[in-house]
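Asker: Sharing a structure below in structure tokens format, with a few things to ask.
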Amino acid sequence: MKKYFFIINSNNAKAVKTFKSLKKAMDQEGIPYRTFYTEHSGHAVEIAKKITYMNKDLIKAVIAVGGDGTIHEVFNGIKDHESIPLGFISGGSGNDIVRVLTKEVRGVKRQISYLKRNRMIKTDSGKMQLTGRSKKRQAFISAIGIGLDGEVAKYTNEAIYKKYLHKLKLGTLAYVVTLFKVLRFYRPGTMEIKLDGREYVFHNVWLVAVGNMPYYGGGMKICPEAKYNDGILDVCVVHNLSILKLLLLFISVFWGGHVKVQGVSQLKGKEIAVATKHPVAIHADGEYKGTTPIEVVIQPASVSVKI
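When the letters of the sequence shown are read in order and numbered with the working numbering, they come out as residues 463 to 769.
Written as structure tokens, this is what we have:
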């Protein structure tokens, strides 16, 4: 009999509490499942790889219980097995992936209904390779950010206040707090972007976002036209803005109004490379990954998602 395999972010109190209630209901309903709790950053990738290696024919779906970071890790653990469905029980501060694909399933009854129904969709993903010293290869579902937002993701994930703000259901505020801290030392620079063979050079660049989906950072609609199933990556370049204009732009980004601002350029493509004179921070699905240079390629219909 096939089972659900749950990977729960043990550092996320909301995720642990959510799954505790769900577990009781699954026992009552007789739903077969197995559970695994993460112990450190990157552990969900390791767990997911072991699950797919040892239980491939027994997997009904691998369910990530947590936020975008947990989903990102679980996906990277199962990405070589496109036939294995990826599912979500949200419990994070951002939930940008869930916002696009399934909407948040709240309450035990709805979560049980979610598990019982047999509905799947296919979504694109992005394959990224850091081409500097690290040579890392990973994949992402929502978006990557290069520059200021990469730095913000790095420091936010390390910040103690993120945990406390998350408990108060103010997780997005953690990114705002970090933004003001990072702005004290971050300086925009020149970025060279190669997009499907075309070359662009942008000066005084604050950030470059590459989106398979519209959102990142807890509801920021950074790439408003991005669609998860169109086989295209959307690129948003924020450049040549003063700090004051940049801060005003961050207000409008929550509804996508920033795209009308002079200094925001939008591009689309399937293969993207970004190079900088000095290493610049990168995040993928909100998780810090390293620094430029980077190459990104779209992978159409590469993820089976339980909805």
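Each residue gets a CB set at the ideal place from its N, CA and C atoms; glycine is no exception.
Alpha carbon to alpha carbon, how far is G673 from E749? Give it in angstroms, no decimals.
Answerer: Spanning the two alpha carbons is a distance of roughly 14 Å.
Asker: Given a cut-off of 8 Å on the beta-carbon distance, is the pair I756 and M653 in contact?
Answerer: Cβ distance not < 8 Å, so I756 and M653 don't count as in contact.
Asker: Starting from the C-beta of E828, find all residues in its chain whose C-beta is less than 8 Å away, skip the five residues before and the five after it, and write them out in chain order.
Answerer: This structure cannot speak to residue 828, because the chain is shown only from 463 to 769.
Asker: Please determine if the stretch 564 to 578 and the stretch 683 to 697 are in contact, where contact requires at least 3 C-beta pairs separated by less than 8 Å.
Answerer: Taking 8 Å as the limit for Cβ pairs, the verdict is that the stretch 683 to 697 does not touch the stretch 564 to 578.
Asker: For the beta strand (DSSP E) that contains N666, what are its first and last residues?
Answerer: Segment 660 to 673, the beta strand (DSSP E) holding N666.
Asker: Nearest to K511 by alpha carbon, out of K522, K518, I540, P494?
Answerer: Closest option to K511, Cα to Cα, is I540.
Asker: Report the partner residues of L729 according to the DSSP bridge assignment.
Answerer: Beta-bridge pairing links L729 to V697.
Asker: By Cβ distance below 7 Å, which residues in the same chain neighbour K683 in space, the five residues on each side in sequence not counted?
Answerer: Answer for K683: P676, Y677, V715, F716, W717, G718, listed in chain order.
Asker: Using a Cβ-Cβ cutoff of less than 6 Å, which residues in the same chain neighbour M463 once the five nearest sequence positions on both sides are dropped?
Answerer: Result list for M463: P494, in chain order.
Asker: Name, in chain order, the residues that DSSP records as bridge partners for K589.
Answerer: According to DSSP, which records beta bridges pairwise, K589 is partnered with A601, V759.
Asker: If I'm right that C698 touches Q724 with Cβ under 8 Å, what's the distance once you round it to whole angstroms?
Answerer: 14 Å between Cβ atoms; not a contact.
Asker: What residue range is occupied by the uninterrupted alpha helix (DSSP H) comprising T532?
Answerer: Segment 530 to 540, the alpha helix (DSSP H) holding T532.
Asker: T738 bridges to which residues according to DSSP?
Answerer: Per DSSP, M653.
Asker: Terminal residues of the continuous beta strand (DSSP E) containing R581?
Answerer: Where R581 is concerned, there is no enclosing beta strand (DSSP E), given that its DSSP letter is neither H nor E.
Asker: Whether or not the stretch 507 to 521 and the stretch 474 to 487 are in contact is what I'm after, with contact meaning three or more pairs of Cβ atoms, one per stretch, closer than 8 Å; do they touch?
Answerer: No contact exists between the stretch 474 to 487 and the stretch 507 to 521.
Asker: Do V560 and F550 have their C-beta atoms closer together than 8 Å?
Answerer: Closer than 8 Å, so yes.
Asker: Report the residue from I469, S587, V765 whose alpha carbon sits nearest the alpha carbon of T500.
Answerer: Checking every option, the nearest Cα to that of T500 belongs to I469.
Asker: I'd like the list of long-range same chain contacts for K730, defined as Cβ closer than 6 Å, with 5 residues on each side in sequence excluded.
Answerer: These residues qualify, in order along the chain: I694, D696.
Asker: Taking 6 Å as the limit between beta carbons, can you name the residues of its chain near V663, skipping five residues before and five after?
Answerer: Excluding residues within five positions, the ones whose Cβ falls inside 6 Å are E654.
Asker: Which residue or residues does DSSP assign as beta-bridge partners of T753?
Answerer: The partner list for T753 (beta bridge, DSSP) reads A743.
Asker: To which residues of the same chain is E566 closer than 7 Å at the C-beta, ignoring the five residues directly before and after it?
Answerer: Excluding sequence neighbours, E566 sits near S552, N557, V560.
Asker: Quick test of your reading: N538 and A601, contact by CB under 8 Å. State the CB separation rounded to the nearest angstrom.
Answerer: Rounded, the Cβ-Cβ distance is 6 Å, consistent with contact.
Asker: What are the start and end residues of the beta strand (DSSP E) that includes S483?
Answerer: Where S483 is concerned, there is no enclosing beta strand (DSSP E), although the alpha helix (DSSP H) it sits in stretches over 475 to 491.
Asker: Which word fits P762, buried or exposed, when buried means at least 16 other C-beta atoms lie within 10 angstroms of its C-beta?
Answerer: Classification of P762: exposed, given that the 10 Å Cβ count is below 16.
Asker: Which residue from P741, I760, D747 puts its Cα closest to that of T754?
Answerer: It is P741.
Asker: Under 7 Å Cβ to Cβ from K593, same chain only, skipping five residues before and after it: list those, please.
Answerer: A small fix is needed here, since residue 593 is Thr in this sequence, not Lys. Contacts found: P755, I756, E757.
Asker: Out of E733, V759, T480, which one is the CA nearest neighbour of G529?
Answerer: Residue T480 is the option with its Cα nearest to G529.
Asker: Which class does F468 belong to by DSSP, given the choice of helix, strand or coil?
Answerer: Note: F468 maps to strand in three-state DSSP.
Asker: Between H543, W668, P547, which lies nearest to L645 when the distance is taken from Cα to Cα?
Answerer: Of the listed residues, the one whose Cα sits closest to L645 is W668.
Asker: Which term fits G504, buried or exposed, when burial requires 16 or more other beta carbons within 10 angstroms of its beta carbon?
Answerer: It is exposed - the Cβ of G504 has fewer than 16 other Cβ atoms within 10 Å.
Asker: Quick test of your reading: D747 and H534, contact by CB under 8 Å. State the CB separation rounded to the nearest angstrom.
Answerer: Their Cβ separation, rounded to whole angstroms, is 4 Å, which keeps D747 and H534 in contact under 8 Å.
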